[in-house]
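> Can you read through this structure? Questions will come right after.
Protein chains: 2
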Amino acid sequence: MANYSSIAVENFIKAIYKYESRDGADTKSGTIATELGITHAAATDMARKLAAKNMVDYEKYKELKLTPAGKKLAVHVVRKHRLWETFLHQVFGLSMHEIHKEAELLEHATSDFLLDKISEYLGNPQFDPHGDPIPTKEGKVETSQASLSMVYAELNTSYKICRLRSSDEEFFDFCQANDMRLGTALTIKKRYPKTRMLEAELNHKTLLIHYDLAQAIHVE
Amino acid sequence: MANYSSIAVENFIKAIYKYESRDGADTKSGTIATELGITHAAATDMARKLAAKNMVDYEKYKELKLTPAGKKLAVHVVRKHRLWETFLHQVFGLSMHEIHKEAELLEHATSDFLLDKISEYLGNPQFDPHGDPIPTKEGKVETSQASLSMVYAELNTSYKICRLRSSDEEFFDFCQANDMRLGTALTIKKRYPKTRMLEAELNHKTLLIHYDLAQAIHVE
DNA sequence: ATTAAAATTTAAGTATGCTTAAATATGTGC
DNA sequence: GCACATATTTAAGCATACTTAAATTTTAAT
Ligand SMILES: [Mn+2]
Ligand SMILES: [Mn+2]
Ligand SMILES: [Mn+2]
Ligand SMILES: [Mn+2]
Chain A
21 MANYSSIAVE
31 NFIKAIYKYE
41 SRDGADTKSG
51 TIATELGITH
61 AAATDMARKL
71 AAKNMVDYEK
81 YKELKLTPAG
91 KKLAVHVVRK
101 HRLWETFLHQ
111 VFGLSMHEIH
121 KEAELLEHAT
131 SDFLLDKISE
141 YLGNPQFDPH
151 GDPIPTKEGK
161 VETSQASLSM
171 VYAELNTSYK
181 ICRLRSSDEE
191 FFDFCQANDM
201 RLGTALTIKK
211 RYPKTRMLEA
221 ELNHKTLLIH
231 YDLAQAIHVE
Chain B
21 MANYSSIAVE
31 NFIKAIYKYE
41 SRDGADTKSG
51 TIATELGITH
61 AAATDMARKL
71 AAKNMVDYEK
81 YKELKLTPAG
91 KKLAVHVVRK
101 HRLWETFLHQ
111 VFGLSMHEIH
121 KEAELLEHAT
131 SDFLLDKISE
141 YLGNPQFDPH
151 GDPIPTKEGK
161 VETSQASLSM
171 VYAELNTSYK
181 ICRLRSSDEE
191 FFDFCQANDM
201 RLGTALTIKK
211 RYPKTRMLEA
221 ELNHKTLLIH
231 YDLAQAIHVE
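Residue numbers (our numbering), protein chains in the order written: chain A, 21 to 240; chain B, 21 to 240.
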């Protein structure tokens with residue numbers, strides 16, 4: 021009972037981790053509830069249970085914070101998730117929008133033993149197909165990457181795409197149609213804040229991209 | 021709610037299927053309980069729930085029987101199980117005793133979409149590494165195989181090993197040490213019923229094999 | 001500083017999948 | 001056919017992970 025975590029717990033901890041390691045960093049129970057598609061009441065409930073298990077620091081009405089034990093679990097599940105995404109993409113040729121959903125299930129059904137085999141088979145990759153770092157077996161996560169969403173990038177500066185953070189089919193349709201991949205060079209030419217659009221130049225073309233979509237495109 | 025089955029339900033249905041398709045064919049609730057490592061009370065409980073869902077025919081004190089819907093689910097989960105075993109063995113080189121435990125988890129975390137990819141990748145194999153038939157996508161299972169446990173094989177008749185039905189490490193150690201694989205020829209020379217041993221000749225050697233171990237070795 | 005809106009927690013209840021203990025039915029030996 | 005051992009079911013209860021509805025706190029607007 022001490023060592024095993026349920027699927028619900030793994031997903032909950034992972035959701036906190038996701039929002040903790042973000043610019044906005046909003047880890048209120050409501051955010052987590054929305055992320056997981058459960059009610060606020062259920063999220064509060066789980067937060068208290070995980071606080072009792074020393075996985076989460078919880079004070080009423082405050083943001084949820086992972087304890088070292090919680091963070092360790094989160095990173096471990098993220099490692100499983102990203103290794104599966106890499107595997108599904110490389111070995112079965114699943115497309116970028118398909119891998120996330122499958123990895124979301126497989127991450128909870130993978131022993132540490134099997135995880136090692138997957139990692140070895142892939143040559144211990146450091147990044148998943150989205151460009152996100154794969155935590156090491158020891159739990160280290162590449163944080164040096166000074167990536168930022170292209171929404172916040174400087175004008176008239178040459179960048180390269182380093183992450184495509186989405187699991188939406190339409191998003192990747194758009195990327196493919198415009199030859200936007202990891203490594204593709206681009207420059208932001210102009211911003212239209214009212215309509216929330218950016219004018220970007222890439223592959224000798226000019227594109228108008230809405231902030232909502234640009235959000236998922238990280239550059240460095 | 022109609023279409024999704026929990027892990028507990030999938031394992032329960034699969035356990036009934038396993039014992040239904042056996043010589044002894046004992047599918048009393050106690051047998052299933054022991055197979056799954058739960059109490060008899062829990063098994064009875066589940067049997068009644070599944071009867072309400074039309075997956076199992078259940079009459080008090082009688083054997084559990086799968087309905088067509090139950091059998092369909094069982095075969096589908098078995099397909100997932102055996103494809104994963106095949107995949108783990110062929111792609112990651114997991115040994116015979118390791119594949120079962122991993123497949124037992126992965127079978128519940130695999131979409132039909134992913135299952136197709138796995139099957140395709142392997143060239144739609146018909147048998148898993150144990151020699152058990154892999155049900156087709158349409159739910160057909162190769163039943164023609166006139167295999168029987170070597171315990172019941174005739175004396176002085178040449179057979180070939182067609183199944184090695186175990187997930188025990190020692191069992192496969194023994195098999196490997198004596199070059200017993202799928203396809204290996206053997207002849208039963210003598211039976212010692214009191215000590216429950218068989219004398220078998222294979223690979224120009226004579227072996228004394230206990231019934232308990234021989235049970236898992238099927239020949240044809 | 002009030003007050004209304006929004007977010008969060010509490011309370012009560014449900015479904016699932018288990019447990020232990022007691023009651024009941026089945027089956028075997030004689 | 002009876003009695004006892006064995007198997008199965010019933011009953012009561014528990015943990016997990018949710019729900020809806022009501023109460024409470026925070027926050028943001030005026
Ligand atoms: Mn993902
Ligand atoms: Mn998940
Ligand atoms: Mn198996
Ligand atoms: Mn299983």
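From the three backbone atoms N, C-alpha and C, an ideal C-beta is built for every residue, glycine too.
CB B:I181 to CB B:I119, shorter than 8 angstroms?
Numbered from its first residue, the second sequence carries residue 181 of chain B at position 161. Numbered from its first residue, the second sequence carries residue 119 of chain B at position 99. Cβ atoms of B:I181 and B:I119: not closer than 8 angstroms.
> Mind pulling the chain B residues with CB within less than 7 angstroms of A:H128?
For the purposes of this step, residue 128 of chain A is identified with residue 108 of the first sequence, where counting begins at 1. Going along chain B in sequence order, the residues near A:H128 (Cβ under 7 angstroms) are A129.
> Give the straight-line distance between the Cα atoms of A:E158 and A:D136, rounded to the nearest whole angstrom.
Against the first sequence, residue 158 of chain A aligns to sequence position 138. Against the first sequence, residue 136 of chain A aligns to sequence position 116. Using only the alpha carbons, I get a separation of about 12 angstroms.
> If you drop the 5 nearest sequence neighbours on each side, which residues of the same chain put their C-beta closer than 8 angstroms to that of B:P7?
This structure gives no information on residue 7 of chain B, because the portion of chain B shown stretches from 21 to 240.
> Verify the CB distance criterion: does A:K137 have a CB-CB separation below 8 angstroms to chain B?
If you number the first sequence from 1, residue 137 of chain A lands on position 117. Answer yes: the Cβ-Cβ gap between A:K137 and chain B drops below 8 angstroms somewhere.
> Cβ of A:E240 less than 8 angstroms from any chain B Cβ?
As a first step, residue 240 of chain A must be located in the first sequence, where it is residue number 220. With 8 angstroms as the cut-off, A:E240 does not count as an interface residue toward chain B.
> Interface residues of chain A around B:T112 at Cβ under 7 angstroms?
Indexing the second sequence from 1 puts residue 112 of chain B at position 92. It is Phe, not Thr, that sits at residue 112 of chain B in the sequence shown. Simply K137 and Y141.
> What ranges does the alpha helix (DSSP H) occupy inside the segment 45-101 of chain B, keeping only unbroken runs of at least 4 residues that lie completely in it?
Within the segment 45-101 of chain B, the complete alpha helix (DSSP H) runs of at least 4 residues are 49-56 and 60-72.
> Can you list, in chain order, the residues of the segment 32-47 of chain B whose Cβ is nearer than 7 angstroms to any Cβ on chain A?
Those would be none; no residue qualifies.
> Quick check on A:Y24: does DSSP put it in helix, strand or coil?
The count along the first sequence starts at 1 and reaches residue 24 of chain A at position 4. In the structure shown, A:Y24 sits in coil (DSSP, three-state: anything other than H, G, I, E or B).
> Hey, A:V111 and A:L70: beta-carbon distance below 8 angstroms or not?
In the first sequence, residue 111 of chain A corresponds to position 91, counting from 1. In the first sequence, residue 70 of chain A corresponds to position 50, counting from 1. No. Outside cutoff.
> From B:P88 to A:A129, what does the alpha carbon distance come to, in whole angstroms?
For the purposes of this step, residue 88 of chain B is identified with residue 68 of the second sequence, where counting begins at 1. For the purposes of this step, residue 129 of chain A is identified with residue 109 of the first sequence, where counting begins at 1. Taking the straight line joining both Cα atoms gives about 28 angstroms.
> Cβ-heavy atom distance between A:H238 and ligand 3 below 7 angstroms?
Against the first sequence, residue 238 of chain A aligns to sequence position 218. The answer is no for A:H238.
> Near B:K34, what residues of its chain come up, given a Cβ to Cβ distance below 7 angstroms and the 5 sequence neighbours on each side ignored?
Reading the second sequence from its first residue, position 14 is the one you call residue 34 of chain B. Cβ within range, chain order: A94, V97 and V98.
> Is the CB of B:A158 under 8 angstroms away from at least one CB in chain A?
The residue given as residue 158 of chain B occupies position 138 in the second sequence. Before going further, note that residue 158 of chain B is Glu rather than Ala in the sequence given. No, B:E158 lies away from the interface with chain A (no Cβ there is under 8 angstroms from its Cβ).
> Closer than 6 angstroms between the C-beta and any heavy atom of ligand 4: which residues qualify, listed along the chain?
Residues flagged by the Cβ proximity filter: B:N31, B:E124, B:E127 and B:H128.
> Give the interface partners of A:L134 over in chain B, defined as CB-CB distance under 7 angstroms, in chain order.
Your numbering for residue 134 of chain A matches position 114 in the first sequence. The contacting residues are E122.
> According to DSSP, is B:A234 helix, strand or coil?
Position 214 of the second sequence holds residue 234 of chain B. Note: B:A234 maps to helix in three-state DSSP.
> Bridge partners of B:I229, per DSSP?
The residue given as residue 229 of chain B occupies position 209 in the second sequence. B:L218.
> Out of curiosity, what's the CA-to-CA distance linking B:A63 and B:Y81?
As a first step, residue 63 of chain B must be located in the second sequence, where it is residue number 43. As a first step, residue 81 of chain B must be located in the second sequence, where it is residue number 61. Taking the straight line from one Cα to the other gives about 12 angstroms.
> Quick one: give me the first and last residue of the alpha helix (DSSP H) that A:A12 is part of.
Nothing about residue 12 of chain A can be reported from this structure: the residues present for chain A run from 21 to 240 only.
> With DSSP as the reference, label B:F133 as helix, strand or coil.
Residue numbering aside, residue 133 of chain B sits at position 113 when the second sequence is read from its first letter. Three-state result, B:F133: helix.
> Is the separation between the beta-carbon of A:L175 and that of A:K209 shorter than 8 angstroms?
Sequence index remark: in the first sequence, residue 175 of chain A carries index 155 (1-based). Sequence index remark: in the first sequence, residue 209 of chain A carries index 189 (1-based). Result yes, Cβ atoms of A:L175 and A:K209 sit closer than 8 angstroms.
> What do you reckon, are the CB atoms on A:A45 and A:Y37 nearer than 8 angstroms?
If you number the first sequence from 1, residue 45 of chain A lands on position 25. If you number the first sequence from 1, residue 37 of chain A lands on position 17. Contact: no.
> Could you check whether the Cβ of B:K125 sits closer than 8 angstroms to any Cβ belonging to chain A?
In the second sequence, counting from the first residue as 1, residue 125 of chain B sits at position 105. What sits at residue 125 of chain B in the sequence shown is Leu, not Lys. It does; some Cβ of chain A falls within 8 angstroms.
> In the DSSP assignment, find the unbroken alpha helix (DSSP H) run with B:L125 in it and report its ends.
Position 105 of the second sequence, counted from the start, is the residue given in the question as residue 125 of chain B. Segment M116 to L126, the alpha helix (DSSP H) holding B:L125.
> Would you kindly check if the distance between the Cβ of B:E240 and the Cβ of B:L228 is under 8 angstroms?
By 1-based counting over the second sequence, the position of residue 228 of chain B is 208. By 1-based counting over the second sequence, the position of residue 240 of chain B is 220. Not closer than 8 angstroms, so no.
> DSSP state of A:F32, grouped into three classes?
Against the first sequence, residue 32 of chain A aligns to sequence position 12. Helix, per DSSP.
> So B:Y78 and B:L84 are in contact, right, with Cβ under 8 angstroms, and what is the actual spacing, rounded?
Looking up residue 78 of chain B in the second sequence gives position 58. Looking up residue 84 of chain B in the second sequence gives position 64. Sure, about 6 angstroms apart at Cβ, within 8 angstroms.
> Residue range of the beta strand (DSSP E) that B:I208 falls in?
Numbered from its first residue, the second sequence carries residue 208 of chain B at position 188. A205 to Y212 is the span of the beta strand (DSSP E), which, as asked, contains B:I208.
> I'd like to check one pair, B:E189 with B:D148: are the Cβ atoms closer than 8 angstroms?
Numbered from its first residue, the second sequence carries residue 148 of chain B at position 128. Numbered from its first residue, the second sequence carries residue 189 of chain B at position 169. Not a contact, by the Cβ cut-off of 8 angstroms.
> Using the Cα positions of B:T47 and A:D152, report the straight-line distance between them to the nearest angstrom.
For the purposes of this step, residue 47 of chain B is taken as residue 27 along the second sequence, with counting starting at 1. For the purposes of this step, residue 152 of chain A is taken as residue 132 along the first sequence, with counting starting at 1. Rounded to whole angstroms, B:T47 to A:D152 spans 49 angstroms at the Cα level.
> If we count the other Cβ atoms within 10 Å of its Cβ and call it buried at 16 or more, is A:T51 buried or exposed?
Locating residue 51 of chain A in the first sequence gives position 31, counting from the first residue. Answer is buried; the Cβ neighbour count reaches 16.
> Taking the alpha-carbon positions, what's the A:S26 to A:H109 distance?
Position 6 of the first sequence, counted from the first residue, corresponds to residue 26 of chain A. Position 89 of the first sequence, counted from the first residue, corresponds to residue 109 of chain A. Rounded to the nearest angstrom, the two C-alpha atoms are 26 angstroms apart.
> Starting from the C-beta of B:D54, find all residues in its chain whose C-beta is less than 6 angstroms away, skip the five residues before and the five after it, and write them out in chain order.
For the purposes of this step, residue 54 of chain B is identified with residue 34 of the second sequence, where counting begins at 1. The sequence given here has Thr at residue 54 of chain B, not Asp. Answer for B:T54: no residue qualifies.
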